[in-house]
Amino acid sequence: MANDPLLQPFQLKHLSLKNRLMMTSHEPAYPEDGMPKALYRAYHVERAKAGLGLTMTAGSAAVAKDSPPVFNNILAYKDEVVPWMRELTDACHEHGTAVMIQLTHLGRRTRWDKGDWLPAVSPSHRREASHRAFPKQVEDWDIERLIKDYADAAERMHAAGLDGIELQAYGHLMDQFWSPLTNTLEGPYGGDLDNRLRFTFEVLRAIRQRVGEAFIVGVRYTGDEMLPGGLTAGDGMAISRRLKDSGLVDFLNVVRGHIDTDPGLTDVIPIQGMPSAPHLDFAGEIRREVDFPTFHGAKIQDVATARYAIASGKVDMIGMTRAHMADPHIVRKIMEGREEEIRPCVGANYCLDRIYQGGAAYCIHNAATGRETTMPHTIPKAAQTRRVVIIGAGPAGLEAARVAGERGHAVVVLEAASDAGGQVRLTAQSERRREMMGIIDWRLARCEALGVEIRYNVWAEVEDVLAETPDVVIVATGGYPAEDQPPVGHDLVVNTWDILSGHVAPGKRVLLFDDAGDHAAMQAAEIIAATGAQLEIMTPDRTFSAEIMAMNLVPYMRSLQRPNVTFTPTYRLKSVQRDGSELLAKITSDYASQDQLDLDQERRIDQVVVNYGITPMADIYFELKPHSRNGGEVNYDDLIVGTPQAVIRHVDGGFQLFRIGDAVASRNTHAAIYDALRLVKDL
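Mapping to full-length UniProt numbering: the sequence shown position 473 is 473, numbers consecutive.
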């Protein structure tokens with residue numbers, strides 16, 4: 001591996017980066033009170049311990065009070081950030097990993113009702129679609145203040161011992177000055193390109209006066225907004241040359257596109273089913289033409305693509321951010337010749353979508369990410385070997401089997417189907433979501449390496465389980481679509497699984513009623529719409545597909561922007577009855593007032609497809625309860641703090657019994673995997 005391009009050092013001015021792999025600046029929303037405390041530090045240190053060359057912290061760390069974070073970002077405008085950043089930096093430096101931070105002012109990309117309720121500020125009054133704030137147009141005294149805010153924040157990071165900073169200039173305040181679409185100022189900060197860049201260079205000069213020439217300073221920016229009237233590729237090349245020629249910056253971090261809308265953001269940071277490395281060639285063009293250290297990262301989810309990016313000379317440092325959320329030990333596994341063991345990023349984007357809805361970033365199939373202070377990435381061996389029987393080989397069952405195998409237990413999995421995967425296998429029937437099978441395939445490979453036995457086509461009965469003389473039984477049987485809804489006419493509807501599996505063909509006039517808001521409804525809608533059927537998608541909620549979240553919803557909505565598809569929020573399917581060759585669906589609304597309750601609407605269609613969520617398939621669990629020692633009970637306090645389960649309800653019981661995932665309640669893939677990890681790691 002000595003000649004691996006990814007493992008070659010890179011000299012950035014005085015800073016020697018030990019390899020070419022980095023995590024680009026990102027905010028996983030782990031701060032406490034705006035500070036990078038224990039969890040934030042542990043998250044970055046875990047990747048540093050595995051050999052990462054450069055970790056970029058804090059996407060969008062706020063430099064000013066009128067740049068209030070719209071999710072949980074680091075507050076770089078506070079002096080108290082210095083000791084916390086120093087602790088993080090020192091801990092990463094112990095493992096030879098360089099540390100930088102991204103500083104920004106969000107400009108209009110925030111809300112006025114966050115933080116201290118100060119008005120958003122931008123070079124125009126134009127609202128950003130995503131965050132909806134109408135900003136104040138910046139004044140001269142604002143500009144003076146903002147330049148100082150940037151310089152103050154940079155000085156704090158220098159004092160904290162970081163190796164450098166990166167200024168964010170796409171979609172945020174700096175880029176809002178750059179773009180003709182968001183800068184309506186007159187000179188000296190508006191008008192031609194040099195005027196629009198003036199604010200940036202004044203900020204850079206102020207920063208250099210504070211931190212000196214040795215401190216690393218870079219800019220992450222868009223080289224092409226890909227919007228009519230916006231910055232063009234030609235503008236991007238000119239900006240790149242000006243940044244280099246200024247002598248004020250040490251690297252360029254290039255992206256392409258715009259982030260002011262959900263579709264724009266998703267094109268900049270693509271999700272599963274979208275092309276890999278879509279902006280790599282563009283970044284390579286800038287590096288070739290400008291001849292300056294160039295970083296890049298945008299859906300570089302596998303080692304082969306990253307290696308190509310470096311070997312071909314397209315960039316100097318390559319970002320694998322979401323990939324390192326899926327597997328923090330990528331670099332170590334490359335160095336040890338264990339690439340086949342890398343847990344793959346499947347592009348589900350659960351991580352980013354969560355933070356944009358105000359939650360912490362979690363990987364859909366690595367439940368230890370973002371929980372480094374409580375969940376292990378490396379599973380320790382148990383003091384005593386136990387026999388563990390797991391019923392079900394979906395994501396929950398396979399994670400339980402993997403972790404039990406890592407613990408050194410003797411594990412057998414009983415699966416009713418002829419293949420593993422459960423609902424993930426059904427989800428992956430859609431071409432755009434085929435990458436989801438990586439969740440299953442990786443676990444199957446790990447189970448095989450660990451000696452886990454999986455028996456297919458076994459419908460587990462009580463006698464089958466007892467015959468294994470288990471010490472622990474884990475029921476991970478998942479669930480099935482609700483069959484008793486709507487209350488009247490449920491025998492006349494089909495469910496989304498029928499459409500996804502191909503067992504039922506779409507009709508010509510279809511009502512799809514979605515009461516769960518998850519992927520199943522939108523996947524079925526894509527299939528139905530593609531046939532040309534007249535499709536009405538209805539939900540009782542005020543928004544569509546709340547469980548899918550913003551960036552994942554974009555590809556669905558793009559595919560459903562058809563004249564044959566309509567969307568109807570705030571209405572509920574009340575009943576279905578047959579009327580000759582048609583179905584008559586009665587529609588009501590939770591929002592109807594008392595005197596409107598008898599004003600139900602009707603739909604005459606030939607097919608009703610419903611999505612009411614999942615009913616647990618837990619018969620075997622309840623049949624096993626009397627035979628178990630704990631009666632299926634879980635001590636939640638022990639589960640949360642990581643203490644082994646010790647409940648005894650039946651002293652004569654032969655084994656501990658647990659159930660996880662959708663066998664408990666309808667949730668999602670991450671919840672199922674987290675159930676398994678936090679339970680089994682302590683067995």
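Here a beta-carbon is modelled for each residue, glycine too, at the ideal position from N, C-alpha and C.
Nearest candidate by alpha-carbon position, reference L88, set G53, R126, R629, L39 = L39
Terminal residues of the continuous alpha helix (DSSP H) containing F177?
-> 173 to 178
Who are the Cβ neighbours of A428 in its own chain at under 6 Å, not counting the five residues just before and after it?
-> R434, M436, M437
Quick one: does the C-beta of L450 sit closer than 7 Å to a heavy atom of the ligand GDP?
-> What this structure holds is no ligand at all, so the ligand GDP is not there to describe.
Alpha carbon to alpha carbon, what distance is there between A416 and G264?
-> 43 Å
Y221 - partner residues in DSSP beta bridges | A169, V254
Helix, strand or coil: which one does DSSP assign to H131?
-> coil
Pick out whichever of H258, A98, W84, L193 has its Cα sitting closest to the Cα of R109.
-> H258
Whole-number beta carbon distance between A401 and residue 687, since they are thought to touch under 8 Å | Because the chain is modelled from 1 through 683, residue 687 falls outside the range shown and cannot be assessed.
Alpha helix (DSSP H) containing R649: first to last residue?
-> That residue, R649, is in no alpha helix (DSSP H); it is neither H nor E in DSSP.
Extent of the continuous alpha helix (DSSP H) to which I439 belongs = 437 to 449
DSSP three-state call for V664: helix, strand or coil?
-> coil
Distance, A323 Cα to Q656 Cα = 36 Å
Are there 16 or more other CB atoms within 10 angstroms of the CB of T182, so buried, or fewer, so exposed?
-> buried
E536, enclosing alpha helix (DSSP H) - first and last residue | First-last for E536: 534 to 539, but that is the beta strand (DSSP E), not the alpha helix (DSSP H).
If we call anything under 8 Å between Cβ atoms a contact, is K114 one with V70?
-> yes
Within 10 angstroms of its Cβ, does G247 collect 16 or more other Cβ (buried), or is it exposed?
-> exposed
Compare the C-alpha of L653 against each of Q301, T643, G230, L624 and name the closest.
-> Leu is not the amino acid found at residue 653; the sequence shown has Gly there. Per the Cα distances, L624.
Under three-state DSSP, which class holds Q601?
-> strand
Should K299 go down as buried or exposed, given a rule of 16 or more other Cβ atoms within 10 Å for buried?
-> buried
Could you have a look at H296 and say whether DSSP puts it in helix, strand or coil?
-> strand
Quick one: Cα of A646 to Cα of D302, how far?
-> 42 Å
Helix, strand or coil at T305 [DSSP, three-state] = helix
Could you say which of G212, A129, V82, M23 lies nearest to T57 if we only look at CA atoms?
-> M23
C-alpha distance - T385 paired with L683, whole-angstrom precision = 9 Å
Integer Cβ distance of W112 from P123, believed to fall under 8 Å = Not confirmed; about 17 Å, so no contact.
Would you be able to state if there are at least three C-beta pairs under 8 Å between the segment 619 to 638 and the segment 444 to 458?
-> no
Decide if W442 is buried, meaning its Cβ has at least 16 other Cβ atoms within 10 Å, or exposed.
-> buried
In the structure shown, what three-state DSSP assignment does C351 receive?
-> helix
Assuming V609 and G489 make a contact with CB atoms under 8 Å, what is their CB distance in whole Å?
-> 13 Å between Cβ atoms; not a contact.
Residue range of the beta strand (DSSP E) that includes D514 | 509 to 514
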